[in-house]
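See structure below.
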Amino acid sequence: MSCLPVPAQPLSIEPLPGYDPYAVALHSVIAGELREMRDMLEKLAEALVADEQFAQAHIEQLQSFDYLIQHTDECANLLERVASGEDSLNAISHVRLAEVQERLRDALSGKWIGFTDDE
Numbered sequence: 073m074s075c076l077p078v079p080a081q082p083l084s085i086e087p088l089p090g091y092d093p094y095a096v097a098l099h100s101v102i103a104g105e106l107r108e109m110r111d112m113l114e115k116l117a118e119a120l121v122a123d124e125q126f127a128q129a130h131i132e133q134l135q136s137f138d139y140l141i142q143h144t145d146e147c148a149n150l151l152e153r154v155a156s157g158e159d160s161l162n163a164i165s166h167v168r169l170a171e172v173q174e175r176l177r178d179a180l181s182g183k184w185i186g187f188t189d190d191e
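The sequence shown begins at 73 in my numbering and counts up one residue at a time.
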């Protein structure tokens, strides 16, 4: 059995450039946080729809809850795919909301300028 020499000073281990050792955990936790937000939005929407008069008076505004719930879920799914090792471009291709997928692709290509008051 051979023995390797033990260095007198511990080796300094630095993350690789562009590598964040916490990224996977952070992506997973943020995905969970987004799912928690989605669940809260669903409960709020259910409570508002339970009031029939309110629901009829605000049907168009209530449809925003459905979009927010879908959007939150898609973002959480994307983060989970990236955290599991899927490359960003492939992960984005699974996003089912076209306008979200387009913004994500624009962001990766440097075209996205952020949200504006028009959106």
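Cβ coordinates follow ideal geometry from the N, Cα and C atoms, glycine included. The structure displayed is predicted, hence computed values, not measured ones.
Notebook entry, point to check: From this set, Ala122, Ser181, Ala179, Ser156, which residue's C-alpha is nearest His99's C-alpha?
Noted result: Ser156
Check: Within 10 angstroms of its Cβ, does Ala170 collect 16 or more other Cβ (buried), or is it exposed?
Finding: exposed
Checklist line | Between the CA atoms of Val167 and Asp178 - distance to the nearest angstrom | finding: 14 angstroms
Next item on the list: For the alpha helix (DSSP H) containing Ser136, list its first residue and its last residue.
Entry: 131-155
Notebook entry, point to check: Under a three-way DSSP split, which group does Ala122 fall into?
Noted result: helix
Check: So what does DSSP say about Arg168, is it helix, strand or coil?
Finding: coil
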